[in-house]
Amino acid sequence: MEGVAFIGEGGVELQSGVDDTAVASFWRPLQYNHQGEVLAGRMECRAAAKREPYRAALYQLEQVHAANLAQERLRGFEELDTRSAPGDVVSRLDVMGRRTSPLRYQVLTYVAVRTGSDLVSIRQSCTFLRDGRVYRQDFMRYVDRHTSFVIVLPPPASADPLTAPTLDSLVDIET
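Reminder that position 4 of the sequence shown reads as 4 in my numbering, one-by-one numbering, no gaps.
Rendered as C-alpha coordinates:
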(Lines of atoms letter the chains of each structure in order from A and count residues from 1; the text may use other names and numbers.)
(Lines give C-alpha, C1' and ligand atoms only; values in the text may rest on other atoms or scores of the structure.)
Protein backbone atom coordinates (compact mmCIF):
# COMPACT_ATOMS: atom_id res chain seq x y z
CA MET A 1 0.00 0.00 0.00
CA GLU A 2 1.28 3.45 -0.82
CA GLY A 3 2.41 5.28 2.30
CA VAL A 4 3.37 2.17 4.31
CA ALA A 5 6.93 0.83 4.37
CA PHE A 6 7.98 -2.53 5.84
CA ILE A 7 11.48 -2.54 7.24
CA GLY A 8 13.20 -5.86 7.77
CA GLU A 9 16.77 -6.49 8.84
CA GLY A 10 17.66 -8.79 5.96
CA GLY A 11 16.41 -9.36 2.42
CA VAL A 12 13.01 -7.76 1.69
CA GLU A 13 11.13 -8.47 -1.54
CA LEU A 14 7.85 -7.06 -2.83
CA GLN A 15 5.35 -9.61 -4.15
CA SER A 16 1.79 -9.46 -5.43
CA GLY A 17 -0.85 -10.98 -3.19
CA VAL A 18 -4.60 -11.51 -3.46
CA ASP A 19 -6.39 -8.72 -5.37
CA ASP A 20 -2.98 -7.32 -6.38
CA THR A 21 -2.30 -6.32 -2.78
CA ALA A 22 1.40 -5.63 -2.29
CA VAL A 23 2.98 -8.15 0.09
CA ALA A 24 6.42 -7.61 1.59
CA SER A 25 8.34 -10.85 2.02
CA PHE A 26 11.39 -11.04 4.25
CA TRP A 27 13.74 -13.63 5.71
CA ARG A 28 16.88 -13.63 7.77
CA PRO A 29 19.05 -16.25 9.46
CA LEU A 30 18.79 -16.50 13.24
CA GLN A 31 20.78 -18.12 15.98
CA TYR A 32 18.92 -19.65 18.93
CA ASN A 33 20.25 -20.80 22.27
CA HIS A 34 18.78 -23.79 24.06
CA GLN A 35 20.39 -25.11 27.25
CA GLY A 36 23.76 -23.69 26.24
CA GLU A 37 23.57 -25.17 22.75
CA VAL A 38 23.55 -22.88 19.70
CA LEU A 39 20.99 -23.79 17.04
CA ALA A 40 20.72 -22.35 13.54
CA GLY A 41 17.40 -21.29 12.06
CA ARG A 42 15.63 -18.66 10.06
CA MET A 43 12.78 -16.21 10.36
CA GLU A 44 10.42 -15.77 7.39
CA CYS A 45 7.87 -12.93 7.40
CA ARG A 46 5.12 -11.69 5.13
CA ALA A 47 3.36 -8.36 5.65
CA ALA A 48 0.56 -6.48 3.89
CA ALA A 49 -1.29 -3.23 4.52
CA LYS A 50 -4.66 -1.89 3.46
CA ARG A 51 -6.37 1.49 3.82
CA GLU A 52 -10.14 1.40 4.25
CA PRO A 53 -12.93 3.47 5.80
CA TYR A 54 -12.78 3.39 9.60
CA ARG A 55 -15.05 0.84 11.27
CA ALA A 56 -14.90 0.21 15.01
CA ALA A 57 -14.99 -3.57 14.49
CA LEU A 58 -11.74 -3.48 12.48
CA TYR A 59 -10.03 -1.51 15.26
CA GLN A 60 -10.79 -4.24 17.84
CA LEU A 61 -7.80 -6.44 16.99
CA GLU A 62 -8.65 -9.24 19.43
CA GLN A 63 -11.99 -9.60 17.63
CA VAL A 64 -10.28 -9.53 14.21
CA HIS A 65 -8.00 -12.38 15.34
CA ALA A 66 -10.97 -14.32 16.78
CA ALA A 67 -12.81 -13.92 13.45
CA ASN A 68 -9.79 -15.31 11.58
CA LEU A 69 -9.81 -18.33 13.90
CA ALA A 70 -13.57 -18.81 13.54
CA GLN A 71 -13.36 -18.66 9.74
CA GLU A 72 -10.57 -21.27 9.83
CA ARG A 73 -8.10 -18.95 8.10
CA LEU A 74 -5.64 -20.08 10.77
CA ARG A 75 -6.40 -23.80 10.58
CA GLY A 76 -3.93 -25.77 12.70
CA PHE A 77 -2.69 -22.70 14.61
CA GLU A 78 -2.42 -23.31 18.38
CA GLU A 79 -2.28 -20.05 20.32
CA LEU A 80 0.37 -19.97 23.08
CA ASP A 81 0.78 -16.31 24.09
CA THR A 82 -0.60 -12.87 23.27
CA ARG A 83 0.59 -9.31 23.73
CA SER A 84 -1.79 -6.38 23.29
CA ALA A 85 -1.06 -2.64 23.07
CA PRO A 86 -4.37 -0.84 22.52
CA GLY A 87 -4.43 2.90 21.90
CA ASP A 88 -6.61 5.73 20.64
CA VAL A 89 -4.67 6.17 17.37
CA VAL A 90 -2.54 3.01 17.07
CA SER A 91 -3.38 -0.47 18.36
CA ARG A 92 -1.26 -3.60 18.08
CA LEU A 93 -1.85 -7.27 18.88
CA ASP A 94 0.83 -9.97 18.67
CA VAL A 95 -0.18 -13.62 18.89
CA MET A 96 2.47 -16.33 19.26
CA GLY A 97 1.51 -19.87 18.41
CA ARG A 98 2.63 -23.06 16.76
CA ARG A 99 1.59 -25.35 13.99
CA THR A 100 2.28 -29.04 13.51
CA SER A 101 3.19 -31.14 10.48
CA PRO A 102 5.88 -29.85 10.44
CA LEU A 103 6.25 -28.30 13.87
CA ARG A 104 7.01 -24.60 13.58
CA TYR A 105 6.37 -21.50 15.66
CA GLN A 106 4.67 -18.40 14.32
CA VAL A 107 3.98 -14.82 15.44
CA LEU A 108 0.95 -13.07 13.95
CA THR A 109 0.94 -9.27 14.23
CA TYR A 110 -2.13 -7.09 13.76
CA VAL A 111 -1.72 -3.29 13.65
CA ALA A 112 -4.52 -0.72 13.22
CA VAL A 113 -3.84 3.00 12.74
CA ARG A 114 -6.66 5.58 12.75
CA THR A 115 -6.10 8.37 10.24
CA GLY A 116 -9.18 10.55 10.57
CA SER A 117 -12.00 8.79 8.75
CA ASP A 118 -9.71 6.02 7.45
CA LEU A 119 -8.06 3.01 9.02
CA VAL A 120 -4.71 1.55 7.98
CA SER A 121 -4.71 -2.20 8.71
CA ILE A 122 -1.38 -4.02 8.75
CA ARG A 123 -1.03 -7.78 9.02
CA GLN A 124 2.25 -9.62 9.47
CA SER A 125 3.02 -13.30 9.87
CA CYS A 126 6.50 -14.46 10.91
CA THR A 127 7.40 -18.15 10.91
CA PHE A 128 10.45 -19.54 12.71
CA LEU A 129 12.12 -22.52 11.08
CA ARG A 130 14.88 -24.69 12.51
CA ASP A 131 16.70 -27.86 11.60
CA GLY A 132 14.34 -30.39 13.18
CA ARG A 133 14.98 -29.45 16.81
CA VAL A 134 12.28 -26.97 17.67
CA TYR A 135 12.15 -25.43 21.14
CA ARG A 136 9.81 -22.73 22.37
CA GLN A 137 11.45 -19.33 22.70
CA ASP A 138 10.27 -15.74 23.11
CA PHE A 139 9.80 -15.33 19.37
CA MET A 140 8.09 -11.94 19.79
CA ARG A 141 11.43 -10.38 20.67
CA TYR A 142 12.86 -11.48 17.30
CA VAL A 143 9.89 -9.86 15.53
CA ASP A 144 10.43 -6.66 17.55
CA ARG A 145 14.15 -6.64 16.88
CA HIS A 146 14.17 -7.39 13.15
CA THR A 147 10.95 -5.89 11.70
CA SER A 148 9.12 -2.56 11.80
CA PHE A 149 6.68 -0.42 9.85
CA VAL A 150 6.74 3.22 8.81
CA ILE A 151 3.45 4.88 7.91
CA VAL A 152 3.51 8.19 6.04
CA LEU A 153 0.42 10.23 6.84
CA PRO A 154 -0.55 13.65 5.51
CA PRO A 155 -0.18 16.47 8.02
CA PRO A 156 -3.33 17.43 9.91
CA ALA A 157 -5.43 20.19 8.35
CA SER A 158 -4.67 22.60 11.20
CA ALA A 159 -0.94 22.43 10.43
CA ASP A 160 -1.55 24.81 7.50
CA PRO A 161 -0.81 28.28 8.92
CA LEU A 162 -3.29 29.89 6.50
CA THR A 163 -6.26 27.86 7.76
CA ALA A 164 -5.26 27.39 11.41
CA PRO A 165 -7.51 29.21 13.89
CA THR A 166 -6.09 32.40 15.34
CA LEU A 167 -7.32 34.84 17.96
CA ASP A 168 -8.41 37.16 15.12
CA SER A 169 -10.65 34.47 13.63
CA LEU A 170 -12.54 33.75 16.87
CA VAL A 171 -16.10 35.06 17.05
CA ASP A 172 -18.01 35.89 20.20
CA ILE A 173 -20.94 33.62 20.88
CA GLU A 174 -23.98 35.47 22.12
CA THR A 175 -26.09 33.74 24.71
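Glycine residues also receive a C-beta, built at the ideal position from the N, C-alpha and C atoms. It should be emphasised that the depicted structure is a prediction, and the values quoted were computed from it without experimental measurement.
Between residue 29 and residue 9, the alpha-carbon positions lie close to 10 Å from each other.
In the three-state reduction of the DSSP assignment, residue 77 falls in the coil class, being assigned neither a helical nor a strand state.
Taking a contact to require three or more Cβ pairs closer than 8 Å, the stretch 62-71 and the stretch 96-103 do not qualify as touching. The count of Cβ pairs closer than 8 Å, one atom from the stretch 20-27 and one from the stretch 43-52, reaches three, so the stretches are in contact. Under the rule that a run must span 3 or more residues, the beta strand (DSSP E) segments found entirely inside the stretch 86-120 read 90-99 and 104-115. If you keep only unbroken beta strand (DSSP E) runs of at least 3 residues inside the stretch 8-59, you get 11-16, 22-34 and 37-53. When 120, 50 and 112 are compared, the shortest CA-CA separation from residue 18 is found for 50.
In this structure, the CA atom of residue 78 is about 15 Å from the CA atom of residue 128. Pairing residue 92 with residue 110 gives a Cβ-Cβ distance under 9 Å. In this model, residue 124 and residue 118 are separated by some 20 Å (Cα to Cα).
Within the same chain, 32 come within 7 Å of residue 137 by CB-CB distance, once the 5 residues on both sides are set aside.
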